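Colleague: In the working numbering, the protein residues as written are 874 to 1044.
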Amino acid sequence: MYALRLGEVLPHRDLDTLRGIEGSRVKNFYRLMAEKHGISWKGRNYDRAHPDATDLPNQAINHAATAVQAAAAIAVQSLAALPPLGFIHENSGQSFVLDIADLFRDTVTLQIAFTAARRAQQVGDTIDKLVRREATAVFRKQQLIGAMIDRIKQVLRMDEASHGAGDDRDA
């Protein structure tokens, strides 16, 4: 799962080390996305008790993450995979959903969030409305749920299992 998230297989096996590597990569990616979209970035801040008390980019990330997690939930459930059985996330009834959503953080979630945050500087709509509009466009363009289903099959090696089962019966 980390190889998919990081784009490479790392020699580390310790989860804390892998989480640290990913955390550093994600921080850098937030900064790069903010620069690309001309957004002032002060870091990732999120208060579960007061999600709207933060700046627009962070609010946009929260809304975009929720939308992408909803798409991931549909994809996970469409394959009858078990949402609580995550690889990286733990202690959540939606661990696998969160794992799948995170695979699309760079290409979908942050793209939606920073595009909406930039647009919020230009128009008077609320950030949640702008995120929903952008999410709709990106989900359609990237055929997100289908892409997530394909990724889940890859993670669970479902294609190998179905091909292998047929091969055994033919032998």
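Here a beta-carbon is modelled for each residue, glycine too, at the ideal position from N, C-alpha and C. Source: prediction; values computed, not measured.
Would alanine 945 pass as a contact of alanine 986 if the rule is Cβ separation under 8 Å?
Modeller: In this structure, alanine 986 does not lie closer than 8 Å to alanine 945 by Cβ.
Colleague: Terminal residues of the continuous alpha helix (DSSP H) containing glycine 1019?
Modeller: Counting along the chain, the alpha helix (DSSP H) containing glycine 1019 begins and ends at 1017–1029.
Colleague: Can you tell me whether arginine 892 is helix, strand or coil according to DSSP?
Modeller: Reduced to three states, the DSSP call for arginine 892 is helix.
Colleague: Mind checking threonine 828: buried by the 16 CB within 10 Å criterion, or exposed?
Modeller: Outside the modelled stretch of the chain, which goes from 874 to 1044, sits residue 828, for which no answer is possible.
Colleague: Tell me the rounded alpha-carbon separation between leucine 888 and aspartate 1001.
Modeller: Rounded to whole angstroms, leucine 888 to aspartate 1001 spans 34 Å at the Cα level.
Colleague: Please classify proline 930: is it buried, with 16 or more other beta-carbons within 10 angstroms of its beta-carbon, or exposed?
Modeller: Buried.
Colleague: With C-beta atoms as the reference, is histidine 936 less than 8 Å away from valine 1004?
Modeller: Contact: yes.
Colleague: May I have the straight-line CA-CA distance separating leucine 952 from glycine 966, to the nearest angstrom?
Modeller: Rounded to the nearest angstrom, the two C-alpha atoms are 17 Å apart.
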